[in-house]
Each structure stands twice: as structure tokens, then as C-alpha cells.
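For the protein sequence lines, the chains are A and B, in the order given.
Take 1 as the starting number for the first sequence in the working numbering and just add one per residue.
Take 1001 as the starting number for the second sequence in the working numbering and just add one per residue.
Quick reminder that beta carbons are idealized off the backbone N, C-alpha and C, glycines included.
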Amino acid sequence: MSDGFQKTGLSGGSKLLEPVEAERAEKISREIRYRLIRLSHDAKSAHLAGALSCVDLLVALYWHVLKIDPANPKASDRDRLVFSKGHAVSALYAVLARRGFFSEESLARYNQPCAGLPEQPCPGLTPGVEWATGSLGHGLGVGLGIARASEIQKNPHATVVIMSDGECQEGSVWEAAMLAPKLKTGPLTVLVDFNGWQATGRSREIMQLEPLAEKWSAFGWEACEIDGHSIPDIVAALEAPRDGRPRAIIAHTIKGKGASFIEDDNNWHYRSPTAPEVEVAAKELQISQ
Amino acid sequence: MRNAFADEILKLALADERIVVLSGDIGNRLFDKFKAAMPERFHNCGVAEANMISLAAGLASSGLRPVCYTITPFVTTRCLEQIKLDVCYHEMPVTIVGTGSGLSYAALGSTHHSFEDIAIMRTLPGMRVLAPADAPELRELLRATFEQSSPTYLRIGKKGEPILTEGRPFHPNRWQLLREGRDATILSCGIILEEALDAAEFLSKSGIHAAVWNCASVKPLDVEALSSFSPAPVFTVEEHSILGGFGSAVAEFISSRFSPPRVHRLGIPDEFLHDTGEQHESRIHCGIDSAGIVKAVTAALR
Chain A
1 MSDGFQKTGL SGGSKLLEPV EAERAEKISR EIRYRLIRLS HDAKSAHLAG ALSCVDLLVA
61 LYWHVLKIDP ANPKASDRDR LVFSKGHAVS ALYAVLARRG FFSEESLARY NQPCAGLPEQ
121 PCPGLTPGVE WATGSLGHGL GVGLGIARAS EIQKNPHATV VIMSDGECQE GSVWEAAMLA
181 PKLKTGPLTV LVDFNGWQAT GRSREIMQLE PLAEKWSAFG WEACEIDGHS IPDIVAALEA
241 PRDGRPRAII AHTIKGKGAS FIEDDNNWHY RSPTAPEVEV AAKELQISQ
Chain B
1001 MRNAFADEIL KLALADERIV VLSGDIGNRL FDKFKAAMPE RFHNCGVAEA NMISLAAGLA
1061 SSGLRPVCYT ITPFVTTRCL EQIKLDVCYH EMPVTIVGTG SGLSYAALGS THHSFEDIAI
1121 MRTLPGMRVL APADAPELRE LLRATFEQSS PTYLRIGKKG EPILTEGRPF HPNRWQLLRE
1181 GRDATILSCG IILEEALDAA EFLSKSGIHA AVWNCASVKP LDVEALSSFS PAPVFTVEEH
1241 SILGGFGSAV AEFISSRFSP PRVHRLGIPD EFLHDTGEQH ESRIHCGIDS AGIVKAVTAA
1301 LR
């Protein structure tokens, strides 16, 4: 976590991962982080640090929470993940490939021309990618529409929106946040990847972002704050019983999590690693090659 | 026209359970019957138009057919990026209805004027842009909208527009020839049609015979009609800026294929309107009332 915060739980019992499950998930996270670092090196692509910060959120979702079938990515009753911080989509791609939505060979063509995995998502191009984002502040409104449709159509499924902390500065986020508690919807959850940075500075210094959980509470959401790198905590927060309100989970994370030379250094919003840096990262992430 | 919209969308939604109406806190009492009949398919999205559009795109992605309704500038330019990305980029079958378009709310000033909406909406890939002339045409266009699946922008008036198209053969992408004439071709787009017809009538008294077309479909253009014109000058008339709107769309097409005819674009000049009064005074100010059209045609033919 980038700095101290008061962990706040949700009422009611929560699903807990068995130690062996947690260990396995943690290993998958490390391997995906290493994959992302290599991808950024190979593709010379930006936004590596913001991708690394949300890996544990995605691993928790794709291995332990979302009802999805990689063989049938358009199944009508699937859970929907709207990945609203589109600049970090490499993290989603790496997770989807690892989960079997497409091959590791496809993933290796990330950010290459006409290869189906563009640097920012594109509609209908990549199996498992629900929505093309990249301009911040769209995902929650779209997710709210999807969650409302599930209620109108009596098609029960969960809708999760992953946003960045900088994204919470967009007015459209709060338009959607203010409407959501007034619409009867299927279960809707916002996961804020609060890595503390935006493109050019600390998010809490640029705008009055905090107190962020209280903002969501004030808008009628059930809000909590968690360690966004603890997969058991993420799963518990996502799976805790609901009281009918939409849920906002402020996940405190470290931008660039996984490689000491990237962590909390905002130059990595744009930089991509050199080959020697990839080697250092492999050691730190305990990747045997 | 807005009453016709409320009535027609009620009828359509009763028969088509995909239809969901989203309003941006507008239409006081207008949708009472809809709300009573289908409360689960009407949402007042509040004074938050950007979110209304994203919400509509999310609904559409699950197979519903949302219709977003509020005053034209608030449902077009205010939430342009949501329309561009969430609706058009994703090819979502969302219908956007801008009420009180053009000069309909002229007296309310620039906040309520929409002179750039056609220009902007028609540059969005996949977006259909339609401007019905009256209530019967609006009903026809609305019905046709749910039989196809492209994003659609419907630019409508307020109330009391004269009925001019009733009983005419209708096709969603075709323009209607309402009056024949060999000396000039007047292409009227949207609720300005009454002025175009009056102008043609007046011109005929001085021996100038102008054809008048009602052109609701701005995108797609009626290419067949456009290709059928005589070399006589073409006059486009619209309650929209002369820049980028219907006239520009016509000029783009004609300039790429024929010469002559010469295209004269009549519309809102490239300026904000300040304190110009009601709709009719504003039309006069812009030279798109019937007398202004007569003057333009006469000057061009002189």
C-alpha cells in the first residue's frame, strides 16, 4: 500500500480463500506481473505501472469471483467486467490469456499492428474484453446500464467496474454514482485501483480526491477500503453479502507493484523497461527461467 | 411534435419490450402514460446527460433499445464524447432524440439553440441523422428506427408545427418531392419546411418555379434524389449553421459529382444569436423565413 489507511470491512460473513488457494493466486499474480513487464519491453508500450497495480484485483476476479467461461465469452448470463482504466488494458489481456480466452501466442502480439490486441481496447476485437475504454469516466455509466439491463431482462449476473483513482476526478463518474442507488439493478461493484498517482502527479494532491470512501458512502453506496494487493481481502470484499446498495471498494495499491525500481515511481506511467531491467524484475518476482 | 413522440414511443414500447425511455429530467407530464404502463422501462436520469448516454449504451449492449430524450444541445454537444465512444464506437442501437432543435427555443438564447448538432452528429461513423418536418414524419421515422440497428439521432421540434407530410409516401432514407419546379431546387431539412413551401408559392407568382424537397434524412443522404436534379441552382434550407450541416452535406456530395448546379446554403450564419426574439423573428434575422428564401433565390437567378 502506498501509505496508511484505515481498513474498513463489510458487514456479514465473507468468503475466505484457503491458504493453498491464496498461495496459488499470489503465484499467478507474480507470473502475470512478470509477463506484463516483458510485454511492455517487447511492445515498447506505456502505462506499465498502472497495469501492475491492478493485477491482484484482476486475479481475484478472474480466478475466484466472476462467473465466466473462456470457451463461451459471450454467454448471456456471464458476469461482466468493465475495465474502465483502458490505458492499463495490458493487465486485462494478460489475465484473459492466462485464463484461456485467447492464446499466449496472441498475447505476444500485444500492441502490434492489426494483431487484435491494441494498446487501448477496441470494441469486439478481443475475446473477454467487454467494453472499449481509454477515455476515463465512461465505464461506470456503461456498467450501470449493463446492471440495469440484467434487472429488466431478469438475467441475473454481476457487474464489476474497475476504475483508477485519477478517473474519479471525472464528473461523469459522479453522475453515474448518484443515479446508481436509485436504479434497481443486478449486483454492481466499483473497484477503485487507488495507486495514488495519475499521469503527472499524486492524485490526492491534484484534486480533492479524499476522503474517497466517504464520497461513495455519501452518494448512497456501501463503501469499504482494502489492501488491493491481498487477494483474500479482495475476494472477501467482493463476495461479502449485499444489502441492496451498489458497492464501492477502494483498493489501496502501489503503482508499479512487483518490481522495486518501478514501484511508486511515476516515470513508469510512460516508460517501458530495458532488457536488463526485465531481468531484475524476474529475480524480484521469483520467476525461474 | 414532442407530443407525437411521446404518443408514438408509448405505442411502440407496448409492442416491443426492448424499448427503454431515458429522460434527462425533461418532459414534465409528457411521459405520464408511459410511466404508468411501463414503470420499469422509464428512467428519469436526472440532470446528468453524459451518464444518460453511457447508461443507454450499457442497456443496448444487453439487447435493449434505449431512447434518450431531452433538449437538443444537452443530448448532443454536452455529452458528445459519450455518444462518440459508448454509442457509435461500440455500434450500439441507441436512439437520441433532441427536442426543441434549431430555433425552436430561439427566445431562450444560445444555451437552448442547436445550430451545430447536425454538423457534429453526422461526422460520427455509423450515426444516422434524421430531421423530420412534422409529427407524422416523426412517427414514421421512429417506427423505422426500431426496424434497424444503427445509432440514430432524431432532431425534432417542439409543438404546433404545421402538418405538411401526412399521406405522402414514406421511406426512411428517401426525400419527398413536395412541389415540382424547373428554375430552382429548394431542399428543406426539418421543421423549416413550411417556410420553403411558402417561398416556392410566392416565387411562382413572379414566374420562378422552384421544386421543393422535404429532406429528413441527412445521413444517409438520398443520393438517388440528389442525382436526379436539373442543373438549376440548389438552395438548402435548415435551422442550423451554414457550416457543416445539411447544406454542407449536400454541397459535399454535389461538388464531388456534378457541376453545375451551384449550391446555395441558407441557414444560421456563423455567429451566436443574441436577443433575436422568437423562432420566427430569428428565422427572419437569418434569412431563412420564406421572404429570405425568396430573396436568395431571386438574387441567385438574376
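For tyrosine 62 of chain A, the secondary structure class from DSSP, reduced to helix, strand or coil, is helix.
Proximity of the region 241-252 of chain A to the region 65-78 of chain A falls short of the contact definition, fewer than three beta-carbon pairs being nearer than 8 Å. Here the region 1071-1080 of chain B does not lie against the region 259-270 of chain A, with fewer than 3 beta-carbon pairs under 8 Å apart. At a beta-carbon threshold of 9 Å, none of the residues of chain A lie near valine 1234 of chain B; the nearest stands roughly 38 Å away. Among the residues facing chain B, glutamine 208 of chain A is not included, as its CB has no counterpart in that chain under 8 Å away. Counting only Cβ-Cβ distances below 9 Å, methionine 178 of chain A has contacts in chain B at Gly1046, Ala1048, Asn1051, in chain order. Along the length of the region 1038-1109 of chain B, whole beta strand (DSSP E) runs at least 3 residues long occupy 1042-1044, 1065-1071, 1095-1099, reported in chain order.
Contacts with chain B at 8 Å (Cβ-Cβ) include leucine 144 of chain A. Neighbours of aspartate 1086 of chain B in chain A, taken as residues at a C-beta separation under 7 Å, are given in chain order as His138, Val142.
Taking threonine 1077 of chain B as the centre and dropping the five residues before and after it, the same chain places the C-beta of Glu1116, Asp1117, Ile1120 closer than 7 Å to its C-beta, in chain order. Annotation: the continuous alpha helix (DSSP H) that includes tyrosine 34 of chain A extends over 19-43.
In this structure, histidine 138 of chain A keeps its C-beta atom at 8 Å or more from the C-beta atom of histidine 87 of chain A.
A contact between stretches requires three or more CB pairs, one per stretch, nearer than 8 Å, and the region 178-195 of chain A fails this requirement with the region 1086-1096 of chain B. The way I'd put it, the region 1058-1069 of chain B doesn't touch the region 1120-1129 of chain B; fewer than three beta-carbon pairs between them come closer than 8 Å.
Listed in chain order, the positions of the region 181-212 of chain A with a beta carbon within less than 9 Å of a beta carbon of chain B are Lys182, Leu183, Lys184. For cysteine 1286 of chain B, the enclosing alpha helix (DSSP H) has its first and last residue at 1279-1286. Secondary structure at alanine 248 of chain A: strand, using DSSP grouped into helix, strand and coil. With a contact defined as Cβ atoms closer than 8 Å, leucine 92 of chain A and leucine 58 of chain A qualify at about 6 Å.
Taking a cut-off of 8 Å on C-beta distances, the region 1232-1239 of chain B touches the region 1266-1279 of chain B, as three or more cross pairs fall below it. Listed in chain order, the non-local C-beta contacts of alanine 1006 of chain B below 8 Å within the same chain comprise Gly1027, Leu1030, Phe1031, Lys1033, Phe1034, local neighbours out to five positions each way being set aside.
Measuring C-alpha to C-alpha distances from glycine 171 of chain A to each of B:Met1038, B:Ala1135, B:Met1052, B:Pro1136 identifies B:Met1052 as the nearest. Counting of Cβ neighbours within 10 angstroms places leucine 1108 of chain B among the exposed residues, the total staying below 16. Counting of Cβ neighbours within 10 angstroms places serine 203 of chain A among the buried residues, the total reaching 16 or more. With a contact defined as Cβ atoms closer than 8 Å, arginine 1179 of chain B and leucine 1197 of chain B qualify at about 7 Å. Of all residues in the region 151-166 of chain A, the ones placed with a Cβ closer than 7 Å to any Cβ belonging to chain B are Ile152, Gln153, in chain order. Residue-level contact by beta carbon fails for tyrosine 1069 of chain B and chain A, as no gap is shorter than 8 Å.
Around the beta-carbon of tyrosine 110 of chain A, 16 or more other beta-carbon atoms lie within 10 Å, marking it buried. In the displayed model, alanine 1211 of chain B falls within a strand according to three-state DSSP. Of all C-beta pairs linking the region 1130-1137 of chain B to the region 1181-1195 of chain B, three or more are shorter than 8 Å, placing the two stretches in contact.
Considering only B:Thr1276, B:Tyr1105, B:Ala1300, the residue with the shortest C-alpha distance to proline 1261 of chain B is B:Ala1300. Rounded to the nearest whole angstrom, the CA to CA distance from leucine 1141 of chain B to valine 1087 of chain B is 19 Å. Among the CB atoms of chain B, one or more fall inside 8 Å of the CB of arginine 148 of chain A.
Partner residues in a beta bridge of histidine 1171 of chain B, as assigned by DSSP, do not exist.
Three or more beta-carbon pairs drawn from the region 1019-1026 of chain B and the region 1038-1052 of chain B are found closer than 8 Å, and the two stretches are therefore classed as touching.
In the DSSP annotation of this structure, the continuous segment of the beta strand (DSSP E) that includes valine 1234 of chain B starts and ends at 1234-1241.
Residues of chain B whose Cβ lies closer than 8 Å to the Cβ of proline 123 of chain A are, in chain order, Tyr1089, His1090, Glu1091.
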